[in-house]
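Data block below; observations after.
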Amino acid sequence: MFQLVNPWALLGLISLPILTALYFLRNRHRKIKVSSIIFWQTLQKPKQGGRSIKNPRFPLLFLLELLILILLTAAGTRILYLSRSQRKPIMIILDNSYSMSAKDLKGKSAKEKGIIYIKKIIKDYNFDPYFMLAGDSPNFIDNSDNFPNFKELNKLWQCKSKYSCLKRALTEAKKIANENSYFLVITDKAPKMNLKKNKVIWKALGYKNSNIGFINAVRKTIDNKDQCLWELKNFSDIPGQTTVSIECVEKILKEKKYNFKPNETIKFRYSFPEIEIPIYCKISDDSLNYDNESRLLTHKIKKVPIKISISNKKLNKIIYSVLKSTNIIFHSEKPKIVFTDSPEIKANEDFWVVQIIQSKNPRAFSGPFIKNSVHPINEGIDLRGTIWGAGKEVLKGIPLVTVGNTTLAADKEINNSHHITIKYNPEYSNIQKSFNFPILFWNIFNWRNNENIGILNRNLRLGSNIYLKLPKRTTEIKLTTPDGTIKKISINTNSLIYPANTQGIYSFTKKEQSWSAAVNVLSENESDLSNSLSGEWGKWINENNISEQSFKSASGKFIMIIILLLLIHQFLISKSSLHIPKQHANEKK
Amino acid sequence: MDKELQKKYLQKGEKIGTAYKLLFPDNLVSGRGGDKMSNQTGSSLEFKDFRHYQPGDDLRNIDWNAYARSDNLIVKTFHKEVNPHIDIILDCSKSMAIKDEKSGTAIILAAILSTAAANSKSSHKLWLAADTFKETGNSSGRPSNWEGINFNHNCPPTEAYKKMAPNFVHNSIRVLISDLLWLEDPETVLSYFNHQAASIIVLEVLTNSEESPEFRGNVKFEDSESGEIIELYLDETAAADYIAKLSAHRDNWYRASQRIGATMISLSSEELLESKNLDKLLKNQILGVL
């Protein structure tokens, strides 16, 4: 892109035809008839050699003069050119949540309006843009090679996340950007933070609209029967209506029209015999279609074979009771977990061991309890207000729960098996009366189940991780994503944690074995368009001068080239004028 | 040059020539005596002057009466009796007609010389050095009656001489009127015309622009005879180079003339036509005023 500061200087181009005319007039040969050319011929004779070679005449001097005049004119016009190095960088943070794909009354989404706005901003201010997607996590788009490729940007900016980490993305962008950078946030909601003065513009392009969407979807197989539960919510202050359609392999199983009161949530169930195929539930199209479909896979909870070998009758009763309450166990002679109070039983390849240690000198610990929060056994555990009776014995392995310098529970890994030790004196404890106790044991079973091959939880919310345990010596599996893309994934640890960033069905295949997981949107925050709006917050410093700062004058470069050309011109002239006197001098000698 | 202009030049030369006489060189002696009295001292019966005796004088010419009166040896001198002839050779190559002034000057000179010769009671003949040597029509008559002069030939006089040598009169005065603009050894050229000649006179006729070219810039020169074309950028340096070369060429001719006893005179056509100044011819005792 160029700009001319002094366009009237283009009048200097008039000199070009004048120079051309002068050149041709000057170089036109006057024909003169002379008596003899004998004395003129000697002027042309070569100094050495025989025949003179006549090279094609190239009017280099004339071309140089023309070029100099053109460059002088160009320098006079003060051409300003757009330099990427001079352009002010702008970090554009794009809201990648799925609410950005909600349409307004004209059928345009905030994303579509955002692209138009970005194009305009870049053109008006001559920015050098850099893009960052704000989804579940910030994702910087490297556009250095194909700047600014909006087609590519449109592909990458899919708006399918259930959350947009705009604040985090803005922080990350400020870390990457230099001090001259400008920031632009494209979203559909108002800012929830104070914008730094003169640096950030927050552009919301949303539209407050009504929407009905799924907020919950569950499928469980109990007693050879599949049970599905869906929750639909009307995110609007006005009543709404939608038609729910339950489908299976393109066959409609049930269809029903529901009327919603303002902000009403409706639950509905559907039961059918156990079947290993996905069930789809769809509602009518509305302003946001991304949350109008839910798919569920059969989810059969596997029961864990256990064996209880506890000699203390009272403890045996308590443990038996709590294990039974989890409802996912059965007693077996080939257990996967053995519950015991004997130190003699050690974990091996066949089973894990949960050893309960009853101390002879117990104490009642009331906290504060410190739990190893990354360990699966502690998931959902809240020990506030709990009294835990235990002794001072030293436990081997990774501490799971400690109080002060006393370890209450520990996990020791033996040959890929786990030996969990729990110090527990029921007479000094009230933990068995809290919800933490069944949770603790349920977590143990769940953890053990996780070690089974396959996907533990097959129906997930968008943004969750898919946990897949694979057979030993698996090195590679094939993944088919919801959009049909097939990827090959290398496996190192017989397990895979894959982030489910798009709703749909993910299929993992290893030769003849396959596992699949269904991912559904189910996000109230994103489906609720009542907070969507349009507006602009913040301001850029020197907003009116940004465009001018991006231009650089080319006059200096032109002048340098002109000087160089003038030197060449002078050299050529002096070289040609030296030719005849030299010849003349030689002849006189 | 058209015939009318040529006629005018001939008449002009004839008119100018009436005021002059041709002066003969010393060695112009006729074997059997001549019809004309020479200004030189000779052996005719017509008394010319007295002078003191010098050793070697013929004793028969001593005026014994004067000796008796003055007691000095006085010798009587008599006019020389000659039979003079002038062969005028006019270079008729195209280069002579590069300008009407140049060819006109050559014609006028030929006419002046032939008229002056007639005034000196000398015979004359005009030779045209064209493709071959040939006499002009009425070549021994009055210049205004000359015919057939054309400057449209492509070879220099020597080429014409080689093709057919002219029948010059024995012991005649030979005058070459030319621009001398061809490359050949001048001594060789003059030797052709010097054979059995009383004397040779070379009249070089050039225009002012030939002597000192005034044009500058890009020029395309066309040779009047060969038609060859060369393109040049002419500046002061190139012009100076040309003048130096012309001067060297002219010096060669002067030196060659000196060696064989010829007289060479350079004339400017414009100068001669404008001022009708024949000082150079008078100074070199080629012409005398009547």
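Chains A and B supply the protein sequences, listed in that same order. Just so you know, we're using the numbering used here here: the first sequence kicks off at 7 and counts up by one. Just so you know, we're using the numbering used here here: the second sequence kicks off at 109 and counts up by one. Positions of the beta carbon are idealized from the N, C-alpha and C atoms, including for glycine. None of these values were measured; they are calculated from a predicted model.
Using 8 Å for Cβ pairs, my map puts residue i next to residue j. What's the rounded Cβ distance?
i: B:Asp316; j: B:Glu255; result: Note that residue 316 of chain B corresponds to Asn in the displayed sequence, not to Asp. The pair is not a contact, with the Cβ atoms about 30 Å apart (cut-off 8 Å).
i: A:Lys94; j: A:Phe137; result: About 15 Å; that fails the 8 Å criterion.
i: A:Leu578; j: A:Leu67; result: 6 Å
i: B:Leu236; j: B:Lys242; result: 5 Å
i: A:Val328; j: A:Ile343; result: With a Cβ gap of about 13 Å, A:Val328 and A:Ile343 do not count as contacting.
i: B:Ala370; j: B:Val310; result: 6 Å
i: B:Arg324; j: B:Leu340; result: So it is not a contact: roughly 10 Å between Cβ atoms.
i: A:Phe278; j: A:Ile316; result: About 42 Å; that fails the 8 Å criterion.
i: A:Ser496; j: A:Lys168; result: The pair is not a contact, with the Cβ atoms about 28 Å apart (cut-off 8 Å).
i: B:Ile196; j: B:Ile285; result: 7 Å
Mind pulling the chain B residues with CB within less than 8 Å of residue i?
i: A:Gln576; result: Near A:Gln576 there are no residues of chain B at all, since even the closest Cβ is about 18 Å away, more than 8 Å.
i: A:Trp14; result: Within 8 Å Cβ-Cβ: nothing; A:Trp14 doesn't reach chain B, min ~36 Å.
With distances taken between CB atoms, is the gap from residue i to residue j smaller than 8 Å?
i: A:Ile472; j: A:Thr515; result: no
i: B:Pro265; j: B:Ala364; result: no
i: B:Phe155; j: B:Ile182; result: no
i: A:Asp292; j: A:Asn217; result: yes
i: B:Ile206; j: A:Lys39; result: yes
i: A:Lys166; j: A:Asn507; result: yes
i: B:Asp208; j: B:Met109; result: yes
i: A:Ile76; j: A:Ile98; result: no
i: A:Ser540; j: A:Tyr213; result: yes
i: A:Gly397; j: A:Asp417; result: no
i: B:Leu131; j: B:Gly396; result: yes
i: A:Ser41; j: B:Leu289; result: yes
i: B:Glu312; j: B:Met372; result: yes
i: A:Ala370; j: A:Gly391; result: no
i: A:Pro268; j: A:Ile244; result: yes
i: A:Lys37; j: B:Lys328; result: yes
i: A:Lys114; j: A:Trp163; result: no
i: A:Ile511; j: A:Pro488; result: yes
i: B:Leu398; j: B:Lys129; result: yes
i: A:Phe189; j: A:Gly219; result: no
i: A:Glu532; j: A:Lys209; result: no
i: B:Ser201; j: B:His261; result: yes
i: A:Ile376; j: A:Thr408; result: yes
i: A:Pro432; j: A:Lys262; result: no
Can you pull the chain A residues whose beta carbon is under 8 Å from the beta carbon of residue i, in chain order?
i: B:Phe323; result: Arg36 and Ile38
For a contact meaning CB atoms closer than 9 Å, what does residue i contact in chain A?
i: B:Leu236; result: By Cβ distance, chain A contributes nothing, its closest Cβ being about 18 Å from B:Leu236, past 9 Å.
How would you list, in chain order, the residues of chain B whose beta-carbon sits under 9 Å from the beta-carbon of residue i?
i: A:Ile44; result: Leu289, Trp290, Leu291, Asp331, Lys353 and His357
Any heavy atom of the ligand COA inside 7 Å of the beta-carbon of residue i?
i: A:Pro341; result: No copy of the ligand COA occurs in the structure displayed, which carries no ligand at all.
Which chain B residues sit within Cβ distance under 7 Å of residue i?
i: A:Thr26; result: Result: empty, since nearest Cβ-Cβ is about 16 Å, beyond 7 Å.
i: A:Ser580; result: Residues of chain B passing the Cβ test: none, with the nearest at roughly 14 Å.
i: A:Ser41; result: Ser203, Ile206, Asp287, Leu289, Glu318 and Ser332
i: A:Gln47; result: Ile338
i: A:Asn155; result: Near A:Asn155 there are no residues of chain B at all, since even the closest Cβ is about 57 Å away, more than 7 Å.
i: A:Asn33; result: Asn326
Original post:
Taking one C-beta from the region 215-224 of chain B and one from the region 172-186 of chain B each time, how about it: are there three or more such pairs within less than 8 Å?
Top reply: no
**OP:** Spell out a yes or no on whether the region 272-281 of chain A and the region 232-248 of chain A are touching, meaning 3 or more CB-CB pairs, one atom from each, closer than 8 Å.
**Re:** yes
**OP:** Report the residues of the region 200-224 of chain B with a CB closer than 7 Å to any CB of chain A, ordered along the chain.
**Re:** Ser203 and Ile206
**OP:** Name, going along the chain, the residues of the region 349-373 of chain B whose beta-carbon falls closer than 7 Å to a beta-carbon of chain A.
**Re:** Asp349, Tyr350, Lys353 and Leu354
Original post:
the region 307-340 of chain B: which residues have C-beta closer than 9 Å to a C-beta of chain A, in chain order?
Top reply: Leu314, Thr315, Ser317, Glu318, Pro321, Phe323, Gly325, Asn326, Val327, Lys328, Phe329, Glu330, Asp331, Ser332, Glu333, Ser334, Glu336, Ile337, Ile338, Glu339 and Leu340
Original post:
Hey, is the region 119-126 of chain B in contact with the region 198-216 of chain B, meaning 3+ C-beta pairs nearer than 8 Å?
Top reply: Segments in contact, yes.
**OP:** Would you check if there are 3 or more beta carbon pairs closer than 8 Å linking the region 297-312 of chain B to the region 11-23 of chain A?
**Re:** no
**OP:** Examine the Cβ distances between the region 420-436 of chain A and the region 344-353 of chain A and report whether three or more of them are shorter than 8 Å.
**Re:** yes
Original post:
Is the number of C-beta pairs between the region 304-319 of chain A and the region 248-263 of chain A that are closer than 8 Å three or more?
Top reply: no
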